[in-house]
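Asker: One structure is given below, represented as structure tokens, and several questions about it will come after.
Numbering (UniProt numbering), first residue to last: 1 to 254.
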């Protein structure tokens, strides 16, 4: 999988004013490789959530976005602050990006898969499978369902990649379906850490409680269809069998 755009950032929060407004600065490095030409250093200044000035290494100087920011940017561009910010790209970004690539960004961790069955929300199918993929890195991943060797696209929902907070991710994909005898359902995972797709087949030898849930759901669906059909047939026959009733009035004279 192609590497995506990466960003490394740190947040520094300054003291609040007496009126409760907060001023803070954000220094961040944006990059897509460890080559210095692919690294950008950005130093942004905010007051009350509004960015009023910024230094961008691609521009090479401070730029103001408010009246206050424009005045200060002009002052900083004519003083020692400009040289200091230009040097920060090498000191702050290039070194940290190199470390990140050595330690984490070029590494990949294989996921592991857990498949389970659950009761679906009200819908047209009595059963639902869940394919849970855990502890993978990097974030980009593809999870698909195959039924008897053919990829399934309908009745499939998936979560976004969810961060665990420890550099790893997880994702969950759901397939609503109506069970068929002898079928083979698989969850297929594609990830940068895998030389080939990871295929996990659904094992029908699930716990009895799970089998009962699916059996009850399927039986209920079939029974509902049978009753609906029987009611329709009865109604049609009754409608066709009705005959008009005529009443005759005879008057006798004695």
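Glycine residues also receive a C-beta, built at the ideal position from the N, C-alpha and C atoms.
For residue 148 and residue 56, I'd like the C-alpha separation in whole angstroms.
Answerer: 54 Å
Asker: What three-state label does DSSP hand residue 84 in the structure shown?
Answerer: In the structure shown, residue 84 sits in a helix (DSSP, three-state: H, G or I).
Asker: Identify the residues that DSSP records as bridge partners of residue 201: which are they?
Answerer: Beta-bridge pairing links residue 201 to 186.
Asker: Hey, residue 175 and residue 129 are a contact pair by Cβ (cut 8 Å); roughly how many whole angstroms apart?
Answerer: 5 Å
Asker: Ignore the nearest five residues each way along the sequence and tell me which others in residue 109's own chain have a CB closer than 7 Å to its CB.
Answerer: 135, 136, 137, 168 and 193
Asker: Looking at the unbroken alpha helix (DSSP H) that takes in residue 68, where does it start and where does it end?
Answerer: First-last of the alpha helix (DSSP H) with residue 68: 67 to 77.
Asker: Which full runs of the beta strand (DSSP E) of 3+ residues lie inside the region 15 to 54, going along the chain?
Answerer: For secondary structure counted as the beta strand (DSSP E) over 3 or more consecutive residues, the region 15 to 54 holds these complete runs in sequence order: 22 to 31 and 39 to 47.
Asker: For the pair the region 86 to 101 and the region 116 to 126, tell me if three or more CB-CB distances fall below 8 Å.
Answerer: With a cut-off of 8 Å, the region 116 to 126 and the region 86 to 101 do not count as touching, because too few Cβ pairs lie within range.
Asker: Curious, which full-length beta strand (DSSP E) runs of at least 3 residues does the UniProt domain "Ig-like" (111 to 200) contain?
Answerer: 112 to 118, 127 to 136, 141 to 147, 150 to 152, 156 to 158, 169 to 177 and 185 to 191
Asker: With a threshold of 7 Å on Cβ separation, who are the neighbours of residue 21 within its own chain once the five nearest residues in sequence on each side are excluded?
Answerer: 47 and 48
Asker: Could you work out which residue in 60, 89, 178 and 93 is closest to residue 78 when comparing CA atoms only?
Answerer: 60
Asker: Out of curiosity, what's the CA-to-CA distance linking residue 208 and residue 131?
Answerer: Unreliable placement is indicated for residue 208, whose pLDDT of 49 sits below 50; the coordinate value is still reported in the next sentence. Rounded to whole angstroms, residue 208 to residue 131 spans 20 Å at the Cα level.
Asker: Let me know the secondary structure DSSP gives residue 63 once reduced to three states.
Answerer: strand
Asker: Whole angstroms is fine: what's the gap from residue 112's alpha carbon to residue 153's?
Answerer: 22 Å
Asker: Bridge partners for residue 109 per DSSP, in chain order?
Answerer: 137
Asker: By how many angstroms is the C-alpha of residue 107 removed from the C-alpha of residue 189?
Answerer: 18 Å
Asker: Between 27, 225 and 198, which lies nearest to residue 114 when the distance is taken from Cα to Cα?
Answerer: Of 27, 225 and 198, the residue nearest in Cα terms is 198.
Asker: Beta carbon of residue 54, beta carbon of residue 42: below 9 Å?
Answerer: Yes, the pair counts as a contact, with Cβ atoms nearer than the cut-off.
Asker: What does the Cβ neighbour count give for residue 195, buried or exposed, with the cut at 16 atoms within 10 Å?
Answerer: exposed
Asker: Measuring CB to CB, does residue 202 end up less than 9 Å from residue 186?
Answerer: The criterion of a C-beta distance shorter than 9 Å is satisfied by residue 202 and residue 186.
Asker: Can you give the Cα-Cα distance for residue 140 and residue 180, rounded to whole angstroms?
Answerer: Going from the Cα of residue 140 to the Cα of residue 180 covers about 33 Å.
Asker: Mind reading off the beta-carbon distance from residue 155 to residue 191? Whole number of angstroms is fine, and I expect it under 8 Å.
Answerer: That pair is no contact at about 24 Å.
Asker: Among 183, 146 and 133, which has the Cα closest to the Cα of residue 163?
Answerer: 133
Asker: Thinking C-alpha only, which one of 68, 86 and 159 is nearest residue 142?
Answerer: 159
Asker: Applying the criterion that 16 or more other CB atoms from any shown protein chain within 10 Å of the CB defines a buried residue, is residue 89 buried or exposed?
Answerer: buried
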